[in-house]
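Have a look at the structure below before the remarks.
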RNA sequence: UGGGGUAUAGCCAAGUUGGUAAGGCAGCGGGUUUUGAUCCCGCGAUUCGUUGGUUCGAGUCCAGCUACCCCAGCCA
């Protein structure tokens with residue numbers, strides 16, 4: 042798809058333009074810094090597109106850095122999934138992926154530097170004591186009794202922490218800043234804590250791990266990141282970011298800028314909540330097609346280009362937002378409308394028997410793969426005496442607004458003949474099972490010679506060659522626009538977010554490649570599910586077609 | 001008077017030396033159409049959270065007010 046030619050401007054670009062013009066920087070370097078404690082989601086895609094997009098547009102580079110300072114929550118599977126997702130989105134990071142843990146030794150050295158400057162101390166207060174001494178939002182905190190431990194002793198104490206001489210929670214390293222600061226994060230923040238945990242990158246090498254605020258800014262400096270972009274909740278932390286950089290022998294001075302995180306209607310985008318959905322089996326896994334994860338969107342049938350386009354359209358600002366799902370759907374429809382070959386599939390089949398068509402005859406028809414793009418070629422579809430049509434496409438009686446098959450009336454079978462409904466059969470519940478029709482043999486590829494107008498066109502699948510398929514129809518995962526705002530977001534889960542249907546697809550779809558999109562004419566965009574253990578074809582509906590009829594009809 | 005942020009159409013979002021409100025999504029009309037799809041054409045803010053002020057002129061400058069978001073993890 043043709044992505045928007047020139048990127049819309051935003052405040053980050055303006056800052057970069059200024060920094061380039063003023064000569065502050067000759068080129069830019071950004072980074073995408075996920076913690077490997079879960080799968081990436083569409084919100085991360087916003088950050089990825091921003092960081093990698095900026096690097097591309099300004100001919101700079103972008104690093105992929107795993108912010109792996111909390112081994113208890115992280116693992117290598119997430120690292121691998123994240124790398125795959127970033128690549129799948131179409132981005133390439135500069136050199137090898139980095140890890141904050143690559144810098145543990147240097148970070149340790151900077152911590153020692155702060156200690157030696159009298160700007161950090163080892164605190165043996167309990168967590169509860171620290172909380173009490175921190176004060177509140179409106180009241181200043183009070184100094185720790187360990188705050189004035191002599192420098193030399195702090196130096197030894199910290200070395201002892203590293204050597205494993207203290208238990209978890211027994212002590213921690215804190216920056217000596219200002220317990221009365223209006224910024225809570227400046228009230229002597231913890232820099233290092235003790236964790237006897239195995240780390241996916243450094244193994245058992247360390248028993249002390251640096252905190253985010255100490256690690257991130259230094260990692261940025263070590264990588265010579267020029268513009269460090271993060272989300273709004275880190276605005277206060279910027280004071281600490283700058284404090285650390287100013288007080289150590291930093292090799293560079295990176296700057297942090299914050300933008301608002303993405304909120305999408307009818308889903309949740311917080312790692313904690315997504316983990317809960319997976320752990321409590323509200324969904325089948327991280328790549329469940331209903332999940333807003335990159336892996337889920339991929340399995341659902343979203344393309345990398347459509348997600349990039351979405352990120353372009355939503356923009357980058359500091360305003361809180363809640364983007365409509367329709368925005369995302371418009372992006373994938375725009376992509377698939379021009380790129381997806383058409384095919385026919387019936388989701389809720391009823392039989393049509395064409396009584397004046399020879400019993401043992403069948404013929405091969407040619408159908409274009411795309412109505413507006415001849416270059417996509419044609420395919421062959423078979424036609425015979427019995428075909429399946431959509432149950433919704435037949436009514437015993439209806440007004441002229443209903444442009445489908447009605448008893449005694451004609452309708453065009455897409456890419457085929459005009460048929461007329463003569464009579465029908467239904468089961469004991471009143472559901473129509475079979476419609477007996479006649480066909481006009483002179484209407485293949487042309488209108489009736491006598492000038493009869495046949496307005497309706499419906500899709501169908503040849504009964505003799507059609508293939509049964511499981512079709513997964515997805516709906517929003519939650520019943521409310523902003524589940525994150527609910528008291529209990531789990532209670533707002535939509536119990537009908539997945540509807541499994543047994544349909545019939547045209548024979549050409551038998552070998553549909555996993556993940557490759559098709560438009561099933563008149564019903565939507567679908568792609569084959571990767572589930573290889575399944576015994577039959579499985580198609581996932583990515584998104585339906587825009588449906589103005591369904592709207593008026595339903596109303 | 002804790003501090004940090006944000007307020008432009010239903011949603012997203014341009015608007016940067018003050019000069020008379022881009023664009024996209026959604027919606028609504030109309031046209032084309034063997035997908036009620038696509039495509040094409042047309043329609044939306046006398047108004048920029050609010051109240052005042054400065055000015056010939058303010059979304060853009062100033063002051064006050066209001067609403068919403070974030071911060072009291074040895075999480076990120």
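In our numbering, the protein residues as written are 42 to 596. Even for Gly, the Cβ is constructed at its ideal location relative to N, Cα and C. Here the structure is a predicted model, which is why all the values come from computation and not from measurement.
- Under the DSSP assignment, residue 103 falls in the beta strand (DSSP E) whose first and last residues are 102-107.
- Within the DSSP secondary-structure output, residue 231 pairs in a beta bridge with 215.
- Rounded to the nearest angstrom, the gap between the Cα atoms of residue 152 and residue 305 is 40 angstroms.
- At a Cβ-Cβ threshold of 9 angstroms, residue 448 and residue 462 count as neighbours.
- Distance between residue 382 and residue 328, taken at the CA atoms: about 25 angstroms.
- If you keep only unbroken beta strand (DSSP E) runs of at least 3 residues inside the stretch 141-182, you get 161-164.
- Three or more Cβ pairs drawn from the stretch 540-557 and the stretch 568-579 lie within less than 8 angstroms of each other, which places the two stretches in contact.
- Annotated three-state conformation of residue 405 is strand, per DSSP.
- Three or more Cβ pairs drawn from the stretch 213-226 and the stretch 182-192 lie within less than 8 angstroms of each other, which places the two stretches in contact.
- In the structure shown, the three-state DSSP call for residue 242 is coil.
- By the criterion of a C-beta distance shorter than 7 angstroms, residue 530 is surrounded in its chain by 309, 314, 524, once the five residues flanking it on both sides are discounted.
- Of the residues assessed, residue 133 falls on the exposed side of the cut-off, its CB having fewer than 16 other CB atoms within 10 angstroms.
- Of the residues assessed, residue 247 falls on the buried side of the cut-off, its CB having 16 or more other CB atoms within 10 angstroms.
- In the structure shown, the three-state DSSP call for residue 82 is strand.
- When the beta-carbon positions are compared, residue 499 and residue 478 stay at least 9 angstroms from each other.
- By the Cβ neighbour-count rule, residue 244 is exposed, with fewer than 16 other Cβ atoms within 10 Å of its own.
- Bridge partners of residue 513 according to DSSP: 541, 581.
- Residue state for residue 378 is assigned as helix, using DSSP reduced to three classes.
- Shortest Cα-Cα distance from residue 223 to any of 241, 177, 593, 544 involves 177.
- Within the DSSP secondary-structure output, residue 419 pairs in a beta bridge with 409.
- Rounded to the nearest angstrom, the gap between the Cα atoms of residue 400 and residue 425 is 8 angstroms.
- Counting along the chain, the unbroken alpha helix (DSSP H) around residue 281 starts and ends at 278-288.
- For the 9 angstroms CB-CB criterion, residue 80 and residue 336 form a contact.
- The residues 269, 295, in chain order, have a CB closer than 6 angstroms to that of residue 261 in the same chain once the five nearest residues on each side in sequence are set aside.
- Apart from sequence neighbours up to five positions away, the residues of its chain that approach residue 203 with a beta-carbon distance below 6 angstroms are 249, ordered along the chain.
- For residue 127, there is no enclosing beta strand (DSSP E); the enclosing alpha helix (DSSP H) covers residues 117-129.
- Here residue 87 is buried, its C-beta having at least 16 other C-beta atoms within 10 Å.
- Between residue 231 and residue 198, the beta carbon gap of about 14 angstroms keeps them out of contact (Cβ cut-off 8 angstroms).
- The beta-carbon distance between residue 579 and residue 511, rounded to whole angstroms, is 5 angstroms. This is short enough to meet the 8 angstroms contact definition.
- The beta-carbon separation of residue 181 and residue 220, rounded to 6 angstroms, stays under the 8 angstroms limit for a contact.
- For residue 258, the enclosing alpha helix (DSSP H) begins and ends at 253-263.
- Between the alpha carbons of residue 593 and residue 515 lies a distance of about 22 angstroms.
- Comparing alpha-carbon positions, the option among 282, 78, 210 lying closest to residue 312 turns out to be 78.
- For the stretch 294-351, the continuous alpha helix (DSSP H) assignments of 4+ residues that do not extend past its boundaries occur at 312-320, 335-341, in sequence order.
- Taking the Cα positions, residue 342 is about 13 angstroms away from residue 129.
- Where residue 59 is concerned, the enclosing alpha helix (DSSP H) starts and stops at 52-62.
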